[in-house]
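Accompanying notes for the structure given below.
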Amino acid sequence: MRNTIAVYYTLCPRKSESPGAYLQYQRKIEDKILNYGFKKQFNLEFSRDKVITGKNGKPYWNGDGDVRFNVSNTDGLVVCGISGGGVSSRYEIGVDAEKPRSIRMPLLCRCCSQEETRYILEGEELSSDKETQKELCGLQARDRFSQIWTLKESYIKMTGEGMSFPLKEAAFSIQKEINGRFHISCKQPGSFVQRKIEGYWIAVCFDSGEENDIVWQELKFS
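Start counting the sequence shown at 2; every next residue gets the next number (the numbering used here).
And the structure:
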């Protein structure tokens, strides 16, 4: 039996808010998304009072229904992934999203395997000057690093280990298929799906090797 995991997202560009006010604004959007998903999928009301956190900060639903969810907020975007409904269709889930950004070589070397590094740096012109190697600004390198990084983050958010897990050990292999999608495999157990939406990489990890339907839906709030 195929099961469904829903990924809801809302684009919310920063306007004139201070960083603190913007985070509160995104938190309200997050609650609206979760309330929408809980009602649509399980006929449940979402409430922060029924959310508990694990030792590394992962949120867990402690109300009625066997539901798992995870969220990711980045500048301009809020994403929520929801799975649940019963033992056969409830999976631990992790979600991460970000836009490509400049990267520094020390971070790349610390977090990425040799295969990942080759994938990220393919076609990048590196100088022999160590100072110029500190930051990589090529569009493809930045894009691929963010692609890999969001996959790694989705994995450690799924397991609940957070940054205590050595990111290099969540090593990915990515192959682009003829239809434009990516075949993603990881040395760690789990299933992964990924999309690029409005310039953001969004990665989802769940602990199932079964066939699943992934439903993506944009939500807009006034």
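We treat Cβ as the ideally placed atom computed from N, Cα and C, and that holds for glycine.
The model shown is predicted, which means the values in this text are computed figures rather than measured ones.
Between which two residues does the alpha helix (DSSP H) carrying residue i extend?
i    : result
R119 : 115–122
F43  : 20–43
Q141 : 140–160
R182 : No alpha helix (DSSP H) holds R182; DSSP gives it neither H nor E.
Please report the straight-line C-alpha distance between residue i and residue j, rounded to a whole angstrom.
i    : j    : result
S209 : Y92  : 7 Å
R119 : I34  : 37 Å
F183 : Q195 : 8 Å
Y26  : T75  : 12 Å
E199 : P60  : 27 Å
S19  : R28  : 14 Å
M164 : K40  : 32 Å
Here's a check: name, in chain order, each residue in its chain whose Cβ is nearer than 8 Å to the Cβ of residue i, leaving out the five neighbours to either side.
i    : result
E136 : S103, I104, R105, M106
R125 : Position check: residue 125 holds Glu in this sequence, whereas Arg was assumed. Only L137, G139, Q141, A142 meet the Cβ criterion.
C13  : Y26, Q27, I30, G77, L78, V79
R49  : D32
Could you spell out where the beta strand (DSSP E) holding residue i opens and where it closes?
i    : result
Q176 : 173–177
F222 : No beta strand (DSSP E) contains F222, which DSSP labels as neither H nor E.
P60  : 60–62
L78  : 77–85
By Cβ distance below 6 Å, which residues in the same chain neighbour residue i in space, the five residues on each side in sequence not counted?
i   : result
V88 : Note that V88 has pLDDT 48, beneath the 50 cutoff, so the model's placement of it is unreliable and no number is given.
Can you find a CB in chain B that lies within less than 8 Å of the CB of residue i?
i    : result
Q148 : The chain inventory of the structure shown lacks chain B, comprising one protein chain alone.
Indicate whether the contact test is met: 3 or more Cβ pairs, each with one atom in the stretch 168–179 and one in the stretch 58–78, closer than 8 Å. No: the two stretches stay apart, fewer than three of their Cβ pairs being nearer than 8 Å.
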